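Undergrad: Just so we're aligned: 105 in numbering that gives the first Met the number 0 is position 106 of the sequence shown, and the numbers increase by one with no gaps anywhere. Beta carbons are placed, not taken as given, at the ideal position from N, Cα and C, and that holds for glycine. Note that the structure is a prediction, hence the values are computed from the model and not measured. First the structure, which I've put down as structure tokens, then a few questions once you've had a look.
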Amino acid sequence: MVVKIKKKKPITAPDEFISLPNRIVQYVQANLKQVLTITTVCVVLISIFLLGRAWWHKRKEHSFILYTKAENLLKNKQQDKAETVLNQLIKTHSPASNFACLQLANVYEEREQWEKAIIMYQTYLKKSNDKDIFSPFVWHALGCDYWISQKPSEVEKALKNIIKN
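Shown next, in the form of structure tokens:
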């Protein structure tokens, strides 16, 4: 039996057996501007994300340094300087600013400035969520300050919030 050998036809159209890396290279060559644009946008977005994250960590670290400075000033009985540092820290809206609210409220309570202490506790409660572990203690302190300020209706609200949470 004789087998007739056929000549192979040359490939004139893209073949489905082209490997994936070759397909990618061909696509990039055909659409170079689009690929460069998308790549540039991705690199810029990733850079912005990483720089923002580094900035936030540095800001957070700086806020805890300020908080430590305020704590040291309070230990050295320099309450006026500590108050300015804590007020500066509250304006940063960093995680340490919540602790600064509580510390500043404590300073105001020592000076018997109950209205200012109430404002600091309210600021803390606005910044934190209801699931915060310090929230019941803050509501209790707020209720005590309301009691000293002779505001019984506010004391009742504070105590109800403690029970609710």
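1) What residue from ILE132, TRP138, LYS32 and GLU109 has the CA that sits closest to THR122's CA?
2) Inspect the beta-carbon positions of VAL84 and LEU101 and report whether they are closer than 8 Å.
3) Which value, in whole angstroms, describes the spacing of the CA atoms of PRO151 and CYS143?
4) Out of ALA29, HIS92, ASN30 and ILE47, which has the shortest C-alpha to C-alpha gap to ARG58?
5) If we require 4 or more residues per run, which alpha helix (DSSP H) segments fall completely within the stretch 76 to 157?
6) Measure the Cβ-Cβ separation of ALA99 and ALA69 and say whether it is below 8 Å.
7) Considering only residues of the same chain and omitting the five flanking positions on each side of ASN97, which have a CB-CB separation below 7 Å?
8) For PHE40, does the three-state DSSP call read helix, strand or coil?
TA: Working from what's here:
1) Taking the sequence shown and counting its residues from 1, the one referred to as residue 122 is at position 123. Nearest option by C-alpha distance: TRP138.
2) Residue mapping note: residue 84 aligns to position 85 of the sequence shown, counting from 1. Residue mapping note: residue 101 aligns to position 102 of the sequence shown, counting from 1. No, these two residues do not count as a Cβ contact at 8 Å.
3) Taking the first residue of the sequence shown as 1, we reach residue 151 at position 152. Taking the first residue of the sequence shown as 1, we reach residue 143 at position 144. Cα to Cα, PRO151 sits roughly 10 Å from CYS143.
4) The count along the sequence shown starts at 1 and reaches residue 58 at position 59. The option with the nearest alpha carbon to ARG58 is HIS92.
5) 78 to 89, 94 to 109, 113 to 126 and 134 to 147
6) Sequence index remark: in the sequence shown, residue 99 carries index 100 (1-based). Sequence index remark: in the sequence shown, residue 69 carries index 70 (1-based). Cβ distance < 8 Å, so ALA99 and ALA69 count as in contact.
7) What you label residue 97 is simply residue 98 of the sequence shown in a count that begins at 1. These residues qualify, in order along the chain: TYR123, LYS126 and SER127.
8) Indexing the sequence shown from 1 puts residue 40 at position 41. Correcting the residue type first, residue 40 is Val in the shown sequence and not Phe. VAL40: helix per DSSP, three-state reduction.
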